[in-house]
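Numbering (this note's numbering), first residue to last: -15 to 694. Here's the structure, in structure tokens; my notes come after.
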């Protein structure tokens, strides 16, 4: 952990140096508005030889900071609101974790994978990852930095440092670093997550060539305890300390409690590296904007040639460094694996380990046409790509080559009334031949700009995840190899080696999944109302049916999801926020979902003492009882179960959020619902995220979000 702390300090020092040494600023890339700034971020004065009079520029004393996400042209502004803590917290309120910040997490809302082509299948930690898709590309007239620090009970911490600035008028750099560390409340539950991201944007002075780059490093360390043992009673622990509870895994080890110790003896270790470079050259029309004080050079692209290079390396590992053979602790651990994990540790083994590594190199070539010279939000794109995949699962390595083609059309009309997006992707050659995705969305602004209505359709045919269904061909296997390094053996597939080294029992190769989604979203900001609905039609759904066994449902089933958000003004400074999600399945699917998921916040809020923005109140989060998925630590997968029903009290949280200029503070006292009066006064009425995985008891969090503009 100390190395992450040193990285954070170094990055903070670097940000201070950047603030002190700023030399140039950005031009505004909003179509039709292009300006250059001097070293202090002010518009450049006209040449003294010019005969035109200098008029005061309206941007001279302003600060402009906005951003767009990767592969999007939509402009976004910074969010200064403080009424919702979860807009700045990595884990959304619609997710549940396994009892600790940074542990495996899953959404209450049905969200199937709808990406065609390669997918290794490890998604339990996706919400903690930096990805190219959630990368922000800023344009600023001043250097901008964010410092985030969160401190919770039992030494839970999160540090996030972000900085962006325009070193020149046409070059922007962004630096993002985050560390999450939480020892947890139970044995062998500690998590340490480190994320680093650097992204740049460059455009030549003639505005023809554009280059963007992203470099991402993710490292996720999460101890796995398998949940508490079935005979463990949390109401009878010494001093009501959950750390005294017996867990299924890791009991024989001394669990490190220091936030500076990043060692995981029994658990999951994921490492990601991603590099993305996109560059393009534009052919178009030159123009100029002449004012009474200056002349601005403009360029309108009409045809763009674009190349995108993507390289990623993903390492997925589960390990358990057991004590030496022959000891009582070793035998106890072996027995726990057999009893609770249904896994037989091979004889004379002092380490249980499974590891998959995948590398993906993709070259994508695109031709983009802009029909209207001054509307970059309307374009037609045709692209094709070559994908080179290499996987390593001892003792085998696997190579896949794939070719795909795609098309995309976007049109956000100049009057801002209509927004159309259509895209498609088809794998035409290689291992994933026949995989495809199609997407269509139509948006219409309501009358008098009172909101918007979006209608959409999406369809995907995809090969199931690698970990679920892929095999090396039988003629490539010289000897019979037990699945899972001797852990699980299935005679029907003993002559074929799965591409994944994880102990997964895969009865057969599966057909392609086909998922159709129809959705609608109505957004009416003036009355603080949002309605949404989506309908899924699914065939050949692939899933885990127990700790290690996969299955495919050949029958057709559907899922209906309806969501609503509404803010009610109860009194002058009293607001009531309501948000709910209704889900219903049909067709007897291998999917269990809560019928209702809801959040309610009663908040006293307003602007006080000129600079104080306050929002404080009670928050309640509730889901109806349902048979929640269980979790397999050895494979890192949530799996379907139809036996145990989870019924919880509503989570009750007390919060105080405030903002003073650019400083934002958050204080939360969570899980007041765990109060128990049966044994005096304690907080031991635990909710459960999944069978054997109790959530936190009373939990305190304090956080600061501070934005700096130089």
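Don't be surprised by glycine CBs; every beta carbon is placed ideally from N, CA and C. Computed from a predicted structure; not experimentally measured.
Leaving out the 5 sequence neighbours to the left and right, which residues in its chain are closer than 7 angstroms to residue i when beta-carbon positions are compared?
i, result
"residue 509", "435"
"residue 72", "689"
"residue 463", "Confidence at residue 463 is low in this model, with a pLDDT of 39, below 50, so its placement is unreliable and no value can be given for it."
"residue 363", "352, 353, 354 and 394"
Starting from residue i, follow the alpha helix (DSSP H) in both directions and report where the run begins and ends.
i, result
"residue 453", "450 to 453"
What first and last residue would you give for the beta strand (DSSP E) that runs through residue i?
i, result
"residue 104", "Counting along the chain, residue 104 falls outside any beta strand (DSSP E), and DSSP gives it neither H nor E."
"residue 122", "120 to 124"
"residue 535", "534 to 537"
"residue 371", "362 to 377"
"residue 291", "279 to 305"
"residue 256", "250 to 274"
"residue 98", "From DSSP, residue 98 is part of no beta strand (DSSP E); its letter is neither H nor E."
"residue 409", "402 to 414"
"residue 686", "683 to 693"
"residue 430", "Looking at the DSSP string, residue 430 is not in any beta strand (DSSP E), and its letter there is neither H nor E."
"residue 59", "First-last for residue 59: undefined, no H or E at that position."
"residue 380", "380 to 396"
"residue 111", "Unbroken run through residue 111: none, as it is neither H nor E."
"residue 333", "Here residue 333 belongs to no beta strand (DSSP E), and DSSP marks it neither H nor E."
"residue 165", "155 to 166"
"residue 146", "140 to 152"
"residue 649", "647 to 654"
"residue 419", "Looking at the DSSP string, residue 419 is not in any beta strand (DSSP E), and its letter there is neither H nor E."
"residue 72", "That residue, residue 72, is in no beta strand (DSSP E); it is neither H nor E in DSSP."
"residue 117", "That residue, residue 117, is in no beta strand (DSSP E); it is neither H nor E in DSSP."
"residue 85", "No beta strand (DSSP E) contains residue 85, which DSSP labels as neither H nor E."
Tell me whether residue i is buried or exposed, calling it buried when 16 or more other Cβ atoms sit within 10 Å of its Cβ.
i, result
"residue 274", "exposed"
"residue 567", "buried"
"residue 367", "buried"
"residue 400", "exposed"
"residue 56", "exposed"
"residue 484", "buried"
"residue 592", "exposed"
"residue 413", "exposed"
"residue 386", "buried"
"residue 552", "exposed"
"residue 625", "buried"
What does a CB cutoff of less than 6 angstroms around residue i pick up in its chain, not counting 5 residues either side in sequence?
i, result
"residue 443", "422 and 500"
"residue 494", "448, 453, 526 and 536"
"residue 715", "Here the chain has residues from -15 to 694 only, and residue 715 is not among them."
"residue 599", "66, 67, 587, 589 and 641"
"residue 318", "329"
"residue 630", "612 and 672"
"residue 676", "211 and 212"
"residue 437", "428 and 506"
"residue 248", "205 and 207"
"residue 582", "564 and 606"
"residue 546", "517 and 566"
"residue 34", "Note that residue 34 has pLDDT 41, beneath the 50 cutoff, so the model's placement of it is unreliable and no number is given."
"residue 173", "84, 207 and 209"
"residue 708", "Past the boundaries of the shown model lies residue 708; the chain is included only from -15 to 694, so the question cannot be answered."
"residue 371", "346 and 386"
Spatial neighbours of residue i within its chain, please: CB distance less than 8 angstroms, with the 5 preceding and 5 following residues excluded, ordered by chain position.
i, result
"residue 595", "644 and 645"
"residue 52", "58, 59, 60, 120 and 121"
"residue 579", "566, 567, 568, 608 and 610"
"residue 657", "633, 634, 635, 636, 669 and 671"
"residue 459", "Caution is warranted here: a pLDDT of 40 is assigned to residue 459, below 50, making its placement in the model unreliable, and the coordinate value is therefore given only provisionally. The answer is none, since no qualifying residue turns up."
Taking the alpha-carbon of residue i as reference, which of the options has the nearest alpha-carbon?
i, options, result
"residue 684", "85, 62, 583 and 55", "85"
"residue 633", "610, 232 and 620", "610"
"residue 604", "63, 78 and 149", "78"
"residue 344", "280, 406, 260 and 424", "260"
"residue 584", "597, 593 and 562", "562"
"residue 170", "614, 228 and 364", "228"
"residue 220", "89, 189 and 669", "669"
"residue 152", "529, 146, 184 and 138", "184"
"residue 339", "529, 620, 627 and 135", "620"
"residue 182", "130, 158, 574 and 336", "158"
"residue 529", "63, 573 and 145", "573"
"residue 82", "166, 189 and 123", "166"
How about residue i: is its Cβ closer than 8 angstroms to a heavy atom in the ligand PLP?
i, result
"residue 446", "Annotation note on the ligand PLP: not contained in the displayed structure, which lists no ligands."
Any beta carbon of chain B sitting closer than 9 angstroms to that of residue i?
i, result
"residue 387", "Absent from the structure is chain B; it holds one protein chain and no more."
May I have a chain-ordered list of the beta strand (DSSP E) segments no shorter than 3 residues that lie completely inside the region 586 to 634?
Counting only runs that start and end inside the region 586 to 634, the beta strand (DSSP E) elements of at least 3 residues fall at 596 to 607, 614 to 616 and 621 to 623.
Report the residue ranges of all alpha helix (DSSP H) runs contained in full by the region 182 to 220; include only those spanning at least 4 residues, in chain order.
Inside the region 182 to 220, DSSP marks no whole alpha helix (DSSP H) run of 4 or more residues.
I'd like the ranges of any beta strand (DSSP E) spanning at least 3 consecutive residues and lying wholly in the region 506 to 591.
DSSP assignment within the region 506 to 591 yields the following whole beta strand (DSSP E) runs of 3 residues or more, N-terminal first: 513 to 523, 525 to 528, 534 to 537, 541 to 555 and 558 to 570.
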